[in-house]
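Asks: Let me give you the structure first, and then I'll get to my questions.
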Amino acid sequence: MAEQSEHAALLAQSVGDYVQHGADLPRVRALAQTRTEFDRGQWNQLAEFGWLGVMVPESCGGLGLGLAEATIVAEGIGRALTPEPYTAVAILAASLLDGLPAAALRDELLAGLATGECLPLAAWQEQADDFCGTQLACRALPFEGGFLVSGEKQFVAGAAAADGFIVSAATAQGIAMLWVPRDAAGCGVKLRPLADGRSYGALMLKDVAVSRAQVLAEGDAARAALDRALDRAAVTAAAELVGVMKRAHEMSLDYMKTRVQFGKPIGSFQALQHRAVDLYIQQELADSVLRDVVRQIEAGADAAARGLAASRAKSRCGDAALAITRAAIQFHGAIGFTEDCDVGLYVKRALMLASWLGNGRAHRARYARLSAQVARKEAA
Amino acid sequence: MSTDWNALSDEAFRAETRTFFENEFPGHFKFLPRRMRWAECRDWYLKLSKKGWIAPNWPREHGGMGLSPTKLLIYFEETERAGVGRMPDQGITMVGPTLIRFGNDAQRGHFLPRILAGDAIWCQGYSEPNSGSDLASLRTEAVPDGGDYVINGSKIWTSMAHDATHIYVLARTDKAAKKKQEGISFFLVDMKTPGITLRTIRNIAGHEEFCQVFFDNVRTPKENLVGELHKGWTIAKGLLGFERLNIGSPRRPLQAMEKLEALAQARGLMADAAFAERLTQLKLDLADLGSLYGRYVDKARRGEAMGPDVSMLKVWSMDTYQKLSELLLEAAGEYAPMEGEVSFGDTAIDVLSPFYNSRPGTIYGGSNEIQRNILAKYVLNLPS
Chain A
103 MAEQSEHAAL LAQSVGDYVQ HGADLPRVRA LAQTRTEFDR GQWNQLAEFG WLGVMVPESC
163 GGLGLGLAEA TIVAEGIGRA LTPEPYTAVA ILAASLLDGL PAAALRDELL AGLATGECLP
223 LAAWQEQADD FCGTQLACRA LPFEGGFLVS GEKQFVAGAA AADGFIVSAA TAQGIAMLWV
283 PRDAAGCGVK LRPLADGRSY GALMLKDVAV SRAQVLAEGD AARAALDRAL DRAAVTAAAE
343 LVGVMKRAHE MSLDYMKTRV QFGKPIGSFQ ALQHRAVDLY IQQELADSVL RDVVRQIEAG
403 ADAAARGLAA SRAKSRCGDA ALAITRAAIQ FHGAIGFTED CDVGLYVKRA LMLASWLGNG
463 RAHRARYARL SAQVARKEAA
Chain B
9 MSTDWNALSD EAFRAETRTF FENEFPGHFK FLPRRMRWAE CRDWYLKLSK KGWIAPNWPR
69 EHGGMGLSPT KLLIYFEETE RAGVGRMPDQ GITMVGPTLI RFGNDAQRGH FLPRILAGDA
129 IWCQGYSEPN SGSDLASLRT EAVPDGGDYV INGSKIWTSM AHDATHIYVL ARTDKAAKKK
189 QEGISFFLVD MKTPGITLRT IRNIAGHEEF CQVFFDNVRT PKENLVGELH KGWTIAKGLL
249 GFERLNIGSP RRPLQAMEKL EALAQARGLM ADAAFAERLT QLKLDLADLG SLYGRYVDKA
309 RRGEAMGPDV SMLKVWSMDT YQKLSELLLE AAGEYAPMEG EVSFGDTAID VLSPFYNSRP
369 GTIYGGSNEI QRNILAKYVL NLPS
């Protein structure tokens, strides 16, 4: 990009090095097979790079940067298939905490997040497709100055290694963001294995006592911070998807150039060429949308414009990554269907990332809803 | 120098263009289902010219508006919203950018002001009856004679040639060249030159928009050779870059989307969830086309040549345009085959024209299949 910040240029360089040397597919495979999706050493390294604190304010030990820089890192994370929950922690949780009112606990969580010592996660979703977390069955009832929280949360990516959860719950003021340590009495975490070797956590909360100090925000401030963080996370997940699809398509193209059938490399056949081109167009469309959307959001889009932009990025990048990785199986022929072939790792990561935080269909529905809203407002 | 439109906020620029196009473009030509003839659009062209708005894509030092990608998109969105018709625009979209990049000072000094003033209306002499997708096999020939080149041959599918005062022509100047791409030169020719005749060709929609142009010992002065002799293919490729950028603009798909949304509204189709999902998908395809287009407009503004990758813009834009026109017909139900404007309550919509108008876009300027070949070979580096 022409107007890349100095930070962005430095990050791009370190991400480039990371993609070359930092992550290796054998490690990804091993983690998936042993169902340990989290490597403490790797996480500390991401913290040392400054990547975990990319969105954490400088006053809390982070870099205090924006979405432009976060998406550069995320694209590298996607390309390297890093299994650690980068977007869930460093973008979603960090951006959510950053958007909440300053308080001792908030600052402590942010500082711990940046050093890698504390791994907080947002737990806001209860129903499939409700990626904005508007249907709140989880309730917080007043109790000794704080609350008693009961309910269930779903689809918490990265829960295997989490130290605690920023839980959304319905209160008299609408919504509250509450800090629930993983080992709190009444808090149970059930892990559901996913195709890419990672897992979603389901949170079972039964009369979990939350002190006043653990109430991070209540009311409109809580809702606004959550919406902002979810849009940022959707865009960052889209960036991971761009990394996944680019590497997968490179693998397909390399294979098409070397695999010989009928005495010629299969990449010389026009039917395959045109298919590869159409997928490349999807890739570049996804890349252009991502950059455009990051620019729009960084330029200070209002909530509706930000939501439209985020849904545009997530739906295009998710669907493009699914199409490209699926086609990679076909381009590789039977070998593409084997466990040994790395293509499968990209297919599975695309499956996970495309559905988490809302899939293409759900984001298109939201896009339609928001556009109609904007049109009504303009007409009035 | 002229106003720096980019200094305005997007909202202010939108408001200004909206007011101007809505109030100034003649009502009886709004949403014309075909391209405008010169006699119909001359006044409008001159009005835009006088306002300094005729060449939104040209740099300001050459008399254009020098718009940023975002502003250029707004300009197009507002022209489509107001139903501004398509004029003979080859001079603005193709010849201007080419002379700015490949021409000499004398050619720029002579032709650019005339294009801006509407004194020179251009058409494109590329395809020949036996050279379509394989354009480099062209056989129209130019032979030096004194201070002139003498051109013989024929060009076909020349849009709006019957309104043009000038034509730019690719002609073979070296038949002995080893490769067919070598030995082709790029000429500017006055349509009034003796020896030029043309016949109009009626298209599938019944309109006479393209022609065949015949060259019988047509003389053009040596000053009208653009770039180096025998190096016309390079210019043509550069120009094709601009052409793909122009064809790739969301302008025409936007026009179809305006109609589709109006029709959906008038027929209450948004209550049909399956239709709503398809419309939203196309809305996103169109919005995302805007992002891709912006990338290339940025590149053009930095003065960079268009690489072979710009082909994907053309593919995506024209595929999207066709998909929109097809959903429009589907949305029309039994009204789909009706010619002319159809009344839906108090809205009148021509549902059929976009279907016709979106057909040639995947054929001209290098068919979408040729674009895919180019992308496979030069961008993905796939073997042949």
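Protein chains in written order, with the numbering used here: chain A, 103 to 482; chain B, 9 to 392.
We put the beta carbon where it would ideally sit given N, CA and C, even for glycine.
1) Can you tell me which of the three DSSP states D296/B falls into?
2) May I ask you to check if the CB of V103/B is nearer than 7 Å to at least one heavy atom of the ligand FMN?
3) Roughly how many angstroms lie between the CA atoms of L233/B and F250/B, to the nearest whole one?
4) Within this structure, are the beta carbons of A423/A and M347/A separated by less than 8 Å?
5) If you reduce the DSSP assignment to three classes, tell me which class P368/B lands in.
6) Might you give, ordered along the chain, the residues of its own chain that have their beta carbon closer than 7 Å to the beta carbon of Y364/B, omitting 5 neighbours on each side?
7) Please state if the CB of A378/A and the CB of L300/B are separated by a distance shorter than 8 Å.
8) In terms of DSSP beta bridges, what is S139/B paired with?
9) Can you tell me where the alpha helix (DSSP H) holding P261/B begins and where it ends?
10) Measure from the alpha carbon of T189/A to the alpha carbon of each residue in D333/A, S116/A, D442/A, Q135/A, then state which is nearest.
11) Would you say T11/B reaches chain A, if we count a Cβ-Cβ gap shorter than 8 Å as a contact?
12) By DSSP's criteria, G348/B is part of a beta bridge. Which residues make up the other side?
13) Go ahead and label Q122/A buried or exposed: buried means 16 or more other beta carbons lie within 10 angstroms of its beta carbon, across all protein chains shown.
14) Going along chain A, which residues have a C-beta under 7 Å from A313/B?
15) Who are the Cβ neighbours of D156/B in its own chain at under 6 Å, not counting the five residues just before and after it?
16) Determine which residues of the stretch 123-137 of chain B have a Cβ less than 7 Å from any Cβ of chain E, and write them out in chain order.
17) Taking only three categories from DSSP, how would you classify D444/A?
18) Does the beta-carbon distance from A263/A to F140/A come in below 8 Å?
19) I'd like the list of long-range same chain contacts for N400/B, defined as Cβ closer than 7 Å, with 5 residues on each side in sequence excluded.
20) In the DSSP assignment, find the beta strand (DSSP E) that holds P128/A and state where it starts and stops.
21) What's the C-alpha gap between N254/B and T201/B?
22) DSSP on A104/A, reduced to helix/strand/coil?
23) Tell me the start and end of each unbroken alpha helix (DSSP H) in the stretch 16-93 of chain B that is at least 4 residues and wholly inside, in chain order.
24) Going along chain A in order, which residues have a C-beta closer than 7 Å to the C-beta of G302/B?
25) Below 7 Å on C-beta distance, what does L280/A contact in chain B?
26) Please decide whether L355/A counts as near chain B, where near means a Cβ-Cβ distance under 8 Å.
27) For L296/A, which of E480/A, D322/A, R129/A, A259/A has the nearest alpha-carbon?
28) Evaluate P34/B with the Cβ neighbour count: other Cβ atoms within 10 Å of its Cβ, from every protein chain shown; 16 or more gives buried, anything less gives exposed.
29) Just curious, the beta strand (DSSP E) that T208/B is in, first and last residue?
30) Determine, for E386/A, whether the minimum Cβ-Cβ distance to residues of chain B falls below 8 Å.
31) Determine, using beta carbons only, whether V391/A comes closer than 8 Å to chain B.
32) Looking at the secondary structure, which residues open and close the alpha helix (DSSP H) in which T360/A lies?
33) So, is T148/B buried or exposed, given that buried needs 16 or more other C-beta atoms within 10 angstroms?
34) So what does DSSP say about K385/B, is it helix, strand or coil?
35) Counting C-beta neighbours from all protein chains within 10 Å, is the total for D389/A 16 or more, i.e. buried, or is it exposed?
36) Rounded to a whole number of angstroms, what is the C-alpha to C-alpha distance between G60/B and D113/B?
Replies: Reading from the atomic positions:
1) Along the second sequence, read from residue 1 onward, the residue named residue 296/B stands at position 288. Three-state DSSP puts D296/B in a helix.
2) Among the components modelled here there is no ligand, and therefore nothing to report on the ligand FMN.
3) Here residue 233/B corresponds to residue number 225 of the second sequence, with the count starting at 1. Here residue 250/B corresponds to residue number 242 of the second sequence, with the count starting at 1. Straight-line spacing of the CA atoms in L233/B and F250/B works out to 19 Å.
4) Residue 423/A sits at position 321 when you count from the first residue of the first sequence. Residue 347/A sits at position 245 when you count from the first residue of the first sequence. The answer is yes: Cβ separation under 8 Å.
5) What you label residue 368/B is simply residue 360 of the second sequence in a count that begins at 1. P368/B falls in the helix class under three-state DSSP.
6) Taking the first residue of the second sequence as 1, we reach residue 364/B at position 356. I212, A213, listed in sequence order.
7) Your numbering for residue 300/B matches position 292 in the second sequence. Your numbering for residue 378/A matches position 276 in the first sequence. Not a contact, by the Cβ cut-off of 8 Å.
8) For this step, residue 139/B is matched to residue 131 along the second sequence. Its beta-bridge partners are E136/B.
9) For the purposes of this step, residue 261/B is taken as the residue at position 253 of the second sequence. 259-275 is the extent of the alpha helix (DSSP H) around P261/B.
10) Counted from its first residue, the first sequence places residue 189/A at position 87. Of the residues D333/A, S116/A, D442/A, Q135/A, the one whose Cα lies closest to the Cα of T189/A is D333/A.
11) Along the second sequence, one-based indexing puts residue 11/B at 3. Output row for T11/B: interface = no.
12) For the purposes of this step, residue 348/B is taken as residue 340 along the second sequence, with counting starting at 1. G348/B pairs with nothing; no bridge assigned.
13) For this step, residue 122/A is matched to residue 20 along the first sequence. With fewer than 16 other Cβ atoms inside 10 Å of its own Cβ, Q122/A counts as exposed.
14) One-based indexing of the second sequence puts residue 313/B at position 305. Simply none; closest approach about 16 Å.
15) Here the question's residue 156/B lines up with position 148 in the second sequence. Counting only Cβ-Cβ distances below 6 Å, and skipping sequence neighbours, we find R227, P229.
16) Checking the listed chains, one finds no chain E in this structure; the protein chains it contains are A and B.
17) For the purposes of this step, residue 444/A is taken as the residue at position 342 of the first sequence. Coil, per DSSP.
18) One-based indexing of the first sequence puts residue 263/A at position 161. One-based indexing of the first sequence puts residue 140/A at position 38. With respect to the 8 Å criterion, A263/A and F140/A are classified as neighbours on the basis of their beta carbons.
19) Residue 400/B is absent from the structure shown; chain B starts at 9 and stops at 392.
20) Locating residue 128/A in the first sequence gives position 26, counting from the first residue. Segment 127-136 is the alpha helix (DSSP H) holding P128/A; no beta strand (DSSP E) there.
21) In the second sequence, residue 254/B corresponds to position 246, counting from 1. In the second sequence, residue 201/B corresponds to position 193, counting from 1. Cα to Cα, N254/B sits roughly 29 Å from T201/B.
22) As a position in the first sequence, residue 104/A is number 2, starting the count at 1. Below a pLDDT of 50, predicted positions are generally treated as unreliable, and A104/A, at 40, falls in that range; the measurement from the model is reported next regardless. In the structure shown, A104/A sits in coil (DSSP, three-state: anything other than H, G, I, E or B).
23) Contiguous alpha helix (DSSP H) elements confined to the stretch 16-93 of chain B occur at 18-32, 46-59, 77-89, taking only those with 4 or more residues.
24) Locating residue 302/B in the second sequence gives position 294, where the first residue counts as 1. D394, listed in chain order.
25) Sequence index remark: in the first sequence, residue 280/A carries index 178 (1-based). Think of a sphere of 7 Å around the beta carbon of L280/A: no beta carbon from chain B falls inside it, the nearest being about 35 Å out.
26) Here the question's residue 355/A lines up with position 253 in the first sequence. Closer than 8 Å: yes.
27) The sequence position of residue 296/A within the first sequence is 194, counting from 1. Scanning E480/A, D322/A, R129/A, A259/A for the CA closest to the CA of L296/A turns up A259/A.
28) Position 26 of the second sequence, counted from the start, is the residue given in the question as residue 34/B. Looking at its Cβ environment, which holds fewer than 16 other Cβ atoms inside 10 Å, P34/B is exposed.
29) Within the second sequence, numbered from 1, the residue matching residue 208/B stands at position 200. In the DSSP assignment, T208/B falls within the unbroken beta strand (DSSP E) covering 204-210.
30) In the first sequence, residue 386/A corresponds to position 284, counting from 1. Taking Cβ atoms only, chain B reaches closer than 8 Å to E386/A, which makes this a yes.
31) Locating residue 391/A in the first sequence gives position 289, counting from the first residue. Under the Cβ criterion of 8 Å, V391/A is counted among the residues facing chain B.
32) Looking up residue 360/A in the first sequence gives position 258. For T360/A, the enclosing alpha helix (DSSP H) begins and ends at 322-360.
33) As a working mapping, residue 148/B is identified with position 140 in the second sequence. Counting Cβ neighbours within 10 Å, T148/B comes out buried, since at least 16 surround it.
34) Residue mapping note: residue 385/B aligns to position 377 of the second sequence, counting from 1. Residue state, collapsed to three classes: helix.
35) Translated into the one-based positions of the first sequence, residue 389/A becomes position 287. Here D389/A is buried. Its C-beta has 16 or more other C-beta atoms within 10 Å.
36) Residue 60/B sits at position 52 when you count from the first residue of the second sequence. Residue 113/B sits at position 105 when you count from the first residue of the second sequence. For G60/B and D113/B, the gap between their C-alpha atoms comes out near 22 Å.
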